[in-house]
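One structure is given here, and the rest of the page talks about it.
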Amino acid sequence: MKEHSRTWRPSIKTQGVLEPLLVRTLEASKYEVVIGARRRKAARLAELESVPVRVKPMTHAEAIEAQAVELSVVGKKFVC
């Protein structure tokens, strides 16, 4: 288990997942996590029964683009 998953587990167990995962429909009752895979894994480790999701119709290319944008933002710090 990676370190970040261990540190998130107590917080997710008490507060739940605060930001919805972004998923797209593949076929009837099948979904693909586009953004939020680490939150989903941490939720599983915290034994949550459900997590909030936002279902958005997307093509494969749109999903790849959304992931690229997410990766470009992850790890950057913003000062407000």
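If you use this note's numbering, the sequence shown closes out at 90, no skipped numbers anywhere.
Each residue gets a CB set at the ideal place from its N, CA and C atoms; glycine is no exception.
Do residue j and residue i come within 8 Å of each other at the CB atom, strictly closer than that value?
i     : j     : result
Val44 : Ala71 : no
Leu31 : Val63 : yes
Val65 : Thr17 : no
Glu75 : Arg49 : no
Where does residue i sit, in a helix, a strand or coil, going by DSSP?
i     : result
Thr35 : strand
Met11 : Because Met11 sits at a pLDDT of 48, beneath the cut-off of 50, its placement in the model cannot be relied upon, and the point is left open.
Pro20 : helix
Ala56 : coil
How would you label residue i, buried or exposed, when you count the other beta carbons within 10 angstroms and need 16 or more for buried?
i     : result
Ser82 : exposed
Thr24 : exposed
Gly26 : exposed
Ala38 : exposed
Ser21 : exposed
What residue does the alpha helix (DSSP H) around residue i start on, and which one ends it?
i     : result
Val83 : 70 to 83
What does DSSP give as the partner residues of residue i in its beta bridges?
i     : result
Val27 : Paired residues: none, contrary to the question.
Val61 : Val61 pairs with nothing; no bridge assigned.
Just curious, the beta strand (DSSP E) that residue i is in, first and last residue?
i     : result
Val40 : Checking the sequence shown, residue 40 turns out to be Lys, not Val. Unbroken beta strand (DSSP E) run through Lys40: 40 to 45.
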